[in-house]
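Q: Numbering (full-length UniProt numbering), first residue to last: 1 to 435.
For glycine and all other residues, C-beta sits at the position ideal for the given N, C-alpha and C.
Please read through the structure below; I'll follow up with questions.
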């Protein structure tokens, strides 16, 4: 039990686990392996890389992976097999339980995102399309999501006790047997809207369902409805062609985008207008997430710095800068995730996962207690609009001063690039990365 810094002194939250000191489960995926890597390699297909990953809500038992061979592979944690010499907090994801084929021309799948029901999946590809998949598809021939490991061009299934006719299946190329999937049974829809010949970098499903947002390399983000194949809103305003990321505000009335033009923007989806310009970054931004309360947005880019903005006024209120050793190469942030209570922010880089305490992140220069705390211990509390600020909060506010924070926890990943992070409701931190 602890007191949340942004709540009143009488408000307390009880958690199954402290989000600032979580247990972490890191699953690793083999992105590629040499031809002579041996039979024990998870994938016996050389030169297939992983471009994106998404952990399935709510418990992370499935992981969807976008690959650079135009395929989407789905791994199930229930099917994993432990490897020798792996720590208690590590999981090895072996053969994919499903391979979804549909994106064209050999372009990579740049982003994948599960919908809130944990059943349907969105994928964004370099072919300029977004595809909706049903990972538990049931058709006239029975259940299609159970795939076999046997080679062949047909399979049979039963529905209601009757055996069906043979189904046409597709065998994924490889030097050893891959799962056979009924491709047409799982693909529900194909969406187009971005400029022809341009890739779609990011896709995000709305928390309320029915809608999703995309970001591409044509200066725009777009809003789609699942029952229409073209966009219903075009969000135009970034001055760089690459809009790298899009995410939803919890109230579903806004989306926030990150771009190479060094800004994030918040958009009203009803009008399509930009209502907040979030600036202050020295480099392009490739990630953005909104806190569960909807008050803050965290954005990150290639300078390894996470910036936090107050969405109420668009002001940059904090910067999270990890310490770097002399001569250390500056990396980039791969993924960020807020805890369900909003008290913690998990940030993954190229070699570790850091947990930051973001309570009180809004104690910026406009807070009168900030000046009092920096001038000495004589500060007093103040009450404004019925909200009491911290009394003499020297340690708290100093901790919140831009650039002075330090992570509460650091988990080393042995140079594994973590592609996705997700807190469960019990504050278990799930992470998945390439091998």
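Quick one: what's got a C-beta closer than 6 angstroms to residue 229's C-beta in the same chain, skipping five residues either side?
A: Position 229 of the chain shown, counted from the first residue, corresponds to residue 229. 191, listed in sequence order.
Q: I'd like to know if the stretch 93-107 and the stretch 116-130 are in contact, where contact means that at least 3 CB-CB pairs between them fall below 8 angstroms.
A: With a cut-off of 8 angstroms, the stretch 116-130 and the stretch 93-107 count as touching, because enough Cβ pairs lie within range.
Q: Does the beta-carbon of residue 27 have 16 or more other beta-carbons within 10 angstroms, so that it is buried, or is it exposed?
A: Residue 27 sits at position 27 when you count from the first residue of the chain shown. Buried, because 16 or more other Cβ atoms sit within 10 Å of the Cβ of residue 27.
Q: Please classify residue 153 as buried or exposed, where buried requires at least 16 neighbouring CB atoms within 10 angstroms.
A: Mapped onto the chain shown, residue 153 falls at position 153. Confidence at residue 153 is low in this model, with a pLDDT of 42, below 50, so the placement of that residue should be treated as unreliable; the coordinate-derived value is given next. Residue 153 is exposed by the Cβ-count criterion.
Q: Classify residue 313: buried if its beta carbon has 16 or more other beta carbons within 10 angstroms, exposed otherwise.
A: Here residue 313 refers to the residue found at position 313 of the chain shown. Classification of residue 313: exposed, given that the 10 Å Cβ count is below 16.
Q: Please list the segments of the beta strand (DSSP E) lying wholly inside the stretch 232-264, counting only runs of 3 or more residues, in order along the chain.
A: Taking only runs of at least 3 residues, the beta strand (DSSP E) segments lying wholly in the stretch 232-264 are 233-236, 243-248 and 254-259.
Q: What is the DSSP secondary structure of residue 368, counted as helix, strand or coil?
A: Position 368 of the chain shown, counted from the start, is the residue given in the question as residue 368. For residue 368, the predicted model reports a pLDDT of 39, less than 50, meaning its position is unreliable; a value from the coordinates is still stated below. Reduced to three states, the DSSP call for residue 368 is helix.
Q: Which residue marks the beginning of the beta strand (DSSP E) containing residue 186, and which one marks its end?
A: Taking the chain shown and counting its residues from 1, the one referred to as residue 186 is at position 186. That residue, residue 186, is in no beta strand (DSSP E); its alpha helix (DSSP H) goes 183-186.
Q: Can you tell which of 187, 208 and 123 has its C-alpha closest to the C-alpha of residue 111?
A: Counting from 1 along the chain shown, the entry for residue 111 is found at position 111. Nearest C-alpha to residue 111: 123.
Q: Work out the CA separation of residue 96 and residue 61 for me, nearest whole Å.
A: Within the chain shown, numbered from 1, the residue matching residue 61 stands at position 61. Within the chain shown, numbered from 1, the residue matching residue 96 stands at position 96. Between residue 61 and residue 96, the C-alpha separation is close to 13 angstroms.
Q: Ordered along the chain, which non-local residues of its own chain (more than five positions away) have a Cβ less than 8 angstroms from that of residue 466?
A: A question about residue 466 goes unanswered here, because the residues of the chain that appear run from 1 up to 435.
Q: Could you check how far apart the C-beta atoms of residue 249 and residue 255 are, in whole angstroms? I think they sit under 8 angstroms.
A: Working through the chain shown from its first residue, we reach residue 249 at position 249. Working through the chain shown from its first residue, we reach residue 255 at position 255. About 7 angstroms separates the two Cβ atoms, so the contact holds.
Q: My understanding is that residue 115 touches residue 236, with C-beta atoms under 8 angstroms, so please give their C-beta distance in whole angstroms.
A: One-based indexing of the chain shown puts residue 115 at position 115. One-based indexing of the chain shown puts residue 236 at position 236. Incorrect: roughly 26 angstroms between the Cβ atoms, too far for contact.
Q: What do you get for residue 305, buried or exposed, if any count of 16 or more other CB atoms within 10 angstroms of its CB means buried?
A: Residue 305 sits at position 305 when you count from the first residue of the chain shown. Buried: at least 16 other Cβ atoms inside 10 Å.
Q: Between residue 247 and residue 288, is the Cβ-Cβ spacing less than 9 angstroms?
A: In the chain shown, counting from the first residue as 1, residue 247 sits at position 247. In the chain shown, counting from the first residue as 1, residue 288 sits at position 288. Yes, they are a contact pair.
Q: When we look at the beta-carbon of residue 348 and count the other beta-carbons within 10 Å, is it buried (16 or more) or exposed?
A: As a first step, residue 348 must be located in the chain shown, where it is residue number 348. The residue in question, residue 348, is buried, as its Cβ has 16 or more Cβ neighbours within 10 Å.
Q: Roughly how many whole angstroms lie between the Cα atoms of residue 395 and residue 292?
A: As a working mapping, residue 395 is identified with position 395 in the chain shown. As a working mapping, residue 292 is identified with position 292 in the chain shown. Any reading at residue 395 must be qualified, since the residue scores a pLDDT of 34, below 50, and its modelled position is unreliable; no value is offered.
Q: Run through DSSP, which three-state label would residue 77 get?
A: The residue you call residue 77 lines up with position 77 of the chain shown. It is helical.
Q: Taking only runs that begin and end inside the stretch 331-360, name each unbroken beta strand (DSSP E) of 3 or more residues, in chain order.
A: As far as the stretch 331-360 is concerned, its whole beta strand (DSSP E) runs of at least 3 residues are 335-338, 344-348 and 352-357.
Q: On a CA-only basis, which of 432, 322, 331 and 226 is nearest residue 121? Give me that one, please.
A: Here the question's residue 121 lines up with position 121 in the chain shown. Minimum Cα distance to residue 121 is reached at 226.
Q: Among the residues of its own chain, which have a CB less than 6 angstroms from the CB of residue 222, if the five just before and after it don't count?
A: Position 222 of the chain shown, counting from 1, holds the residue named residue 222. Here the set comprises 193, 214, 231 and 234.
Q: For residue 267, write down the residues that DSSP places opposite it in a beta bridge.
A: In the chain shown, counting from the first residue as 1, residue 267 sits at position 267. 255 and 274, per the DSSP bridge assignment.
Q: Looking at the structure shown, is residue 105 part of a helix, part of a strand, or coil, going by DSSP?
A: To locate residue 105, count along the chain shown from 1; it is residue 105. Looking at residue 105 - three-state DSSP - the assignment turns out to be coil, as it is neither helix nor strand.
Q: Which same chain residues end up closer than 6 angstroms to residue 68 when comparing Cβ atoms and leaving out the 5 residues on each side of it in sequence?
A: Sequence index remark: in the chain shown, residue 68 carries index 68 (1-based). Here the set comprises 49, 51 and 108.
Q: One question on the structure: do residue 286 and residue 300 come within less than 9 angstroms of each other, judged by their Cβ atoms?
A: Translated into positions along the chain shown, residue 286 becomes position 286. Translated into positions along the chain shown, residue 300 becomes position 300. Against a cut-off of 9 angstroms, the Cβ pair of residue 300 and residue 286 comes out as a contact.
Q: Measuring CA to CA, which of 426, 101 and 220 is closest to residue 238?
A: In the chain shown, counting from the first residue as 1, residue 238 sits at position 238. Of 426, 101 and 220, the residue nearest in Cα terms is 220.
Q: Buried or exposed for residue 53, going by 16 or more other Cβ atoms inside 10 Å?
A: On the chain shown, residue 53 is found 53 positions in, with the first residue counted as 1. Answer is buried; the Cβ neighbour count reaches 16.
Q: Buried or exposed for residue 202, please, with buried defined as at least 16 other CB atoms from any protein chain shown within 10 angstroms of its CB.
A: Numbered from 1 along the chain shown, position 202 holds the residue referred to as residue 202. The residue in question, residue 202, is buried, as its Cβ has 16 or more Cβ neighbours within 10 Å.
Q: Alpha carbon to alpha carbon, how far is residue 29 from residue 412? Give it in angstroms, no decimals.
A: Within the chain shown, numbered from 1, the residue matching residue 412 stands at position 412. Within the chain shown, numbered from 1, the residue matching residue 29 stands at position 29. Residue 412 and residue 29: Cα-Cα distance of roughly 17 angstroms.
Q: For the candidate residues 353, 358 and 426, whose alpha-carbon lies nearest to that of residue 418?
A: Within the chain shown, numbered from 1, the residue matching residue 418 stands at position 418. When each option's Cα is compared against that of residue 418, the closest is 353.
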